[in-house]
Amino acid sequence: VIGKGQAQTLLTAVDDDALLTGRGIPVRIPRTLSIFAVAAVGLLGLSLTAASPAVADTRIDGPIGLGTAAPFAVLAASTVTNIGPSPISGDVGLSPGSSITGFPPAIVTGTIHQTDAVAAQAQLDLTTAYNVAASLTPVATGLGDLTGSSLTPGVYAGGELALSGAMTLAGTAESVWIFQAASTLTVGSGAIITMTGGASACNVFWQVSSAATIGTGAQFIGTVMANESVTAQTGATVTGRLLARTGAVTLDTNTITSPVGCSTTAGTVTTSPTISSSAPPSGQVGTAYSYTATATGSPTSTFSITSGLLPTGLTLDSATGVISGTPTAPGDYTFAITASNGTAPDATTTFSVSIAAAAAAAVEDDGLADSGADSGLLLLLGGIGITGGAALLFFGRHLRTARRIR
195 VIGKGQAQTL LTAVDDDALL TGRGIPVRIP RTLSIFAVAA VGLLGLSLTA ASPAVADTRI
255 DGPIGLGTAA PFAVLAASTV TNIGPSPISG DVGLSPGSSI TGFPPAIVTG TIHQTDAVAA
315 QAQLDLTTAY NVAASLTPVA TGLGDLTGSS LTPGVYAGGE LALSGAMTLA GTAESVWIFQ
375 AASTLTVGSG AIITMTGGAS ACNVFWQVSS AATIGTGAQF IGTVMANESV TAQTGATVTG
435 RLLARTGAVT LDTNTITSPV GCSTTAGTVT TSPTISSSAP PSGQVGTAYS YTATATGSPT
495 STFSITSGLL PTGLTLDSAT GVISGTPTAP GDYTFAITAS NGTAPDATTT FSVSIAAAAA
555 AAVEDDGLAD SGADSGLLLL LGGIGITGGA ALLFFGRHLR TARRIR
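The sequence shown begins at 195 in our numbering and counts up one residue at a time.
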């Protein structure tokens, strides 16, 4: 009887009386009767895949590149407004708006770019930098008021970020801090940021999805990249930059000093891999097989089998992710593919592939037609009875008795 998953059965009767059973490619023996039963099921395999549990991380190994926006201490989109004697060290720019007021009494050590090509390009580069900052994977989330914290380098995220008192950034000259505010950034009156260990204001960035406010008399450090507007209240000092993508920058007797000596080389952004390929197909013994595992992420990933076994006869090219070869053994195979590109975490996905047995070989017809049995067949060979289901049956010259059983 042929059951599910059994693709081919070979029965050989030698000299009418001896009965041999086996599976695979038939061996021709003189004066034999070969019966091939090809089941209606089992020639097709199944393939399944489990989604990768890893979520891609995006990291940067240096400061965010500001491009042509780097020389600007103040850059706005709609207006730049100043009240009082505000010394500004660095360029002031506006694009696409056209209104810059309060210069003087503001004193600019740098160049004012009012609705010119330089300011327009700086806005484009600001948008790029803003998007990079927003894409990075934080080391801590859910932050609110940062008062009292001493933070090592990393990416920190929250909804409405605030600073009502003092905070410390502890690191080295190469250390980078990036803060992501999903809403606003509010720095309270008299709040202060202190840096230790030689840490540099060049490498502190505040990505703000809404508006940023620097309170009266606050001592603030870092480059603010606000999606909307930036307001510096009376007497606030900023060692950094106030950059607004779509709104205004408003000043009131502030001292703003763009950082000097900053590296012009931006950090490299990398993204951990995520396996993106769909489930591999099933295969069959003796038939050439090919499947390509793919992964997103940057840089390009390499691939490896980290658990389980590939189907016998197949190999994985670690550089391309191609699984190829010719299967040599039927069965169900489960294996895990891991993609790695040097940025943690690696991505691992488990696949299952079913390899079916080879299709039945053609057999010489000795002149006896298909029995057409649909409810069972009994062959009497030298007193030995053989029953078969819905199968194609071929009989040799030494058949003694064959009759259909109802």
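Quick reminder that beta carbons are idealized off the backbone N, C-alpha and C, glycines included.
| Check | Outcome |
| --- | --- |
| Integer Cβ distance of A406 from W400, believed to fall under 8 Å | 7 Å |
| L363 versus E422: straight-line alpha-carbon distance, rounded | 26 Å |
| Three-state secondary structure assigned by DSSP to N276 | strand |
| Residue-chain proximity (T303, chain D), Cβ-Cβ < 9 Å | Judged by its chain identifiers, the structure shown contains no chain D, having just a single protein chain. |
| Paired residues, beta bridge with T380 - DSSP | A356 and T407 |
| Straight-line gap, G434 to T252 (C-alpha atoms, nearest Å) | 25 Å |
| Coil, strand or helix - S329 by DSSP | helix |
| Nonlocal neighbours in the same chain, by C-beta distance under 6 Å from S492, ignoring five residues either side | T464 and T465 |
| Span of the beta strand (DSSP E) around L508 | L508 to L510 |
| Where D319 falls: helix, strand or coil (DSSP) | helix |
| Spatial distance of T275 from A412 (CA atoms) | 19 Å |
| Buried versus exposed, by CB contacts within 10 Å (16 or more), N535 | buried |
| Sheet register partners of D339 (DSSP bridge) | A356 |
| C-alpha distance - T449 paired with A267, whole-angstrom precision | 10 Å |
| Through-space distance from I277 to G296, alpha-carbon basis | 6 Å |
| Element boundaries [beta strand (DSSP E), containing Q401] | V398 to V402 |
| Segment contact flag, the segment 375 to 382 with the segment 346 to 356, C-beta cutoff 8 Å, min 3 pairs | yes |
| Through-space distance from W371 to T417, alpha-carbon basis | 11 Å |
| Whole-angstrom distance between P257 and A552, CA atom to CA atom | 58 Å |
| T451 (DSSP reduced to helix, strand or coil) | strand |
| Close-in-space but distant-in-sequence residues of the same chain around S603 (CB under 8 Å, 5 per side omitted) | No statement about residue 603 is possible, as the shown extent of the chain runs from 195 to 600 and does not include it. |
| Expected contact under 8 Å - CB spacing of A530 and T509 to nearest Å | Rounded, the Cβ-Cβ distance is 16 Å, inconsistent with contact. |
| Residue environment, A523, which counts as buried when at least 16 other CB atoms sit within 10 Å | exposed |
| L238 - DSSP class collapsed to helix/strand/coil | Residue placement at L238 is flagged as unreliable, the pLDDT there being 34, under the threshold of 50; the coordinate-derived value follows with that caveat. Correct three-state label for L238: coil. |
| Sheet register partners of S472 (DSSP bridge) | None; S472 has no bridge partner. |
| Cα-Cα separation, F545 to T528 | 6 Å |
| CB-CB length for A489 against S470, believed under 8 Å | 6 Å |
| Integer Cβ distance of S283 from T451, believed to fall under 8 Å | 4 Å |
| Nearest-angstrom Cβ-Cβ length linking L260 and A323, presumed shorter than 8 Å | 5 Å |
| Cβ-Cβ distance between T440 and Y483 below 9 Å | no |
| Cβ neighbours of S457 in the same chain (closer than 8 Å, five flanking residues each side left out) | G256, P257 and C396 |
| D310 - partner residues in DSSP beta bridges | DSSP output for D310 lists no bridge partner at all. |
| Residue burial classification, G409 (beta-carbon count within 10 angstroms, cutoff 16) | buried |
| Reference T481; option with closest CA among E368, A550 and L337 | A550 |
| Within 9 Å, strictly: CB atoms of T341 and G359 | yes |
| CA nearest to the CA of G338, picked from T428, G391 and Q374 | Q374 |
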